[in-house]
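Working notes for the structure below.
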Amino acid sequence: MGKVSTLVSSTFIVLGLVVNGIHSWNYEDEDTKGVFRWGDQYPECDGLNQSPIDIETARVQVNRDLTVEIGGLDETHETWIRNNGHTAQLGLLDSPKPNLTGTAVNGKLYEFAQLHFHWGEKSDRGSEHSVDSVFYPAEMHMVFYRKQYGDIETAVKYKDGLAVVGVFLQNSKTNNPNYDPLIYAVRQAPDYKAKSFLPSEITLRQLLPRNTQKFYRYSGSLTTPPCDEIVTWILLADPVEIGEQQLEVFRHERTNYVSMRSGSNRIDHNYRYQAPINRRIVESSFNPRISFSTPLNARAIKPFYKNVFFPSY
Ligand SMILES: [Zn+2]
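Shown next, in the form of structure tokens:
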């Protein structure tokens, strides 16, 4: 159990939650600790290689040699969900954990640490990344740390410390049964610091789209404080469909601050504003200019940058 508690505490540090309360942050637009002011406490949040970004497919460089291999996707795991005040985060109890390698991470070996979700008040916005300014209702982040660093806490001190697989969630009228155990656990842990076990074991594969070989890759950062620029982002092109009712369950998670927008302490939105791409290049394992389908319920809106007023969304 000692190993488990180490993982839990280090995962919190990665998400920037310092338990003693000296630092805190939130997703409010107009708050001194809000999303536009993270850089005040965490200077790296104002860096030049931040995430998330908009993927502009016309400027993506196709690289057919890019591969991602995720091992252990079909292993079943006893799994828990924890509300950490910013998101619903999933952890695996048992080892070995899934791992990730491939040319997309220069052949280095990464080990699974946790996964979590970002969502919005309504399904027209919620993902952190977008493709040609089209957002999805939610986005899942599977966080892997470089295994040779031993643990995630050490890994975040290195430029190649993390690889994060980003998965867009598209809403549909029917629920996705693969997500039922996870959604059940989220529903059981609505309060800040609450933890709940999934009623049945799951595999990571059941949370992913069928095709994991079509993806975008770029270098970026954690999308939460302290915003370390240590992440190889692997954004899967194909979304996973989950039910609108399932999405709604995330929006009832509670945070440790009162939301100014909704006047409640629900985590009704937990996506960061997008960062400019600056000098970075996004590569893709496929040609995104050949087949691109716009999700039914998403609408194209311009990405919004820090200090730029962004009207109604
Ligand atoms: Zn995330």
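Those letters in the sequence shown? Residues -24 to -1, 1 to 289, per mature numbering (1 follows the signal peptide of the UniProt record, and there is no 0), in order.
Ideal placement from N, C-alpha and C gives every residue a C-beta, glycine not left out.
Query - Reference Trp56, options Ile46, Asp70 and Leu49, closest by Cα - result: Closest by alpha carbon: Asp70.
- [ ] Could you check which residue in Ile266, Asn241, Phe226 and Ser260 has the C-alpha nearest to that of Lys98?
- [x] Proximity to Lys98 across Ile266, Asn241, Phe226 and Ser260 peaks at Phe226, based on C-alpha coordinates.
For Met116 and His92, what's the separation of their Cα atoms in angstroms?
Looking at the two C-alpha atoms, the distance is approximately 6 Å.
Using only the alpha-carbon positions, how far apart do Ile206 and Leu85 sit? Note on geometry: alpha-carbon atoms of Ile206 and Leu85 lie some 15 Å from one another.
Taking the beta carbon of Ser176 as the centre, do at least 16 other beta carbons fall within 10 Å, making it buried, or is it exposed? Counting other Cβ atoms within 10 Å of its Cβ, Ser176 stays below 16 and is therefore classed as exposed.
- Please report the residue range of the alpha helix (DSSP H) in which Phe226 lies. For Phe226, the enclosing alpha helix (DSSP H) starts and ends at Glu220 to Phe226.
**Buried versus exposed, by CB contacts within 10 Å (16 or more), Gly78** = By the neighbour-count criterion, in which a residue is buried when 16 or more other Cβ atoms sit within 10 angstroms of its Cβ, Gly78 is buried.
Check your understanding: So, helix, strand or coil for residue 356, using DSSP?
Key -> With the chain covering only -24 through 289, there is no way to say anything about residue 356.
>> In whole angstroms, give me the CA-to-CA distance for Tyr112 and His105.
In response: If you take the alpha carbons of Tyr112 and His105, they lie about 8 Å apart.
Review point. With which residues is Ser260 paired in a DSSP beta bridge?
Key: The beta-bridge partner set that DSSP reports for Ser260 consists of Val38 and Tyr192.
- How would you label Leu24, buried or exposed, when you count the other beta carbons within 10 angstroms and need 16 or more for buried? Here Leu24 is exposed, its C-beta having fewer than 16 other C-beta atoms within 10 Å.
Handout entry: Contact belief for Ile31 with Leu76 at Cβ below 8 Å, rounded distance in angstroms
Key = Not a contact, Cβ separation roughly 20 Å.
Own chain partners of His228 with C-beta closer than 7 Å, once the 5 adjacent residues on each side are dropped: Excluding sequence neighbours, His228 sits near Pro166 and Arg242.
Quick one: measure Cβ to Cβ for Ala161 and Leu145, integer angstroms, because I've assumed they're closer than 8 Å.
Their Cβ separation, rounded to whole angstroms, is 16 Å, which puts Ala161 and Leu145 out of contact at 8 Å.
* Asked: When we look at the beta-carbon of Glu224 and count the other beta-carbons within 10 Å, is it buried (16 or more) or exposed?
  -> The residue in question, Glu224, is exposed, as its Cβ has fewer than 16 Cβ neighbours within 10 Å.
On the premise that Tyr3 lies in contact with Val11, defined as a C-beta separation below 8 Å, what is that separation, rounded to the nearest angstrom? That pair is a contact at about 5 Å.
In the DSSP assignment, the beta strand (DSSP E) including Ala89 goes from what residue to what residue?
DSSP places Ala89 in the uninterrupted beta strand (DSSP E) bounded by Tyr86 to Trp95.
Subject >> Which listed residue (Asp204, Asn154 and Gln182) has its alpha carbon closest to that of Thr130 >> reply: When each option's Cα is compared against that of Thr130, the closest is Asp204.
Open item on the list: Among the candidates Tyr168, Thr208 and Ala251, whose CA atom is the shortest distance from the CA of Arg58?
Closed with: Taking only the C-alpha atoms, the option nearest Arg58 is Tyr168.
Ends of the alpha helix (DSSP H) at Gln17? Trp14 to Gln17 is the extent of the alpha helix (DSSP H) around Gln17.
What does DSSP give as the partner residues of Arg146 in its beta bridges?
-> Note that residue 146 is Gln in the sequence shown here, rather than Arg. Answer is Glu217.
Report the partner residues of Trp209 according to the DSSP bridge assignment. According to DSSP, Trp209 bridges with Val140 and Tyr194.
Query raised in the report: Excluding the five sequence neighbours on either side, which residues of its own chain have a C-beta within less than 6 Å of the C-beta of Gln164, listed in chain order?
Result: Cβ neighbours of Gln164 beyond the five flanking positions: Ser172.
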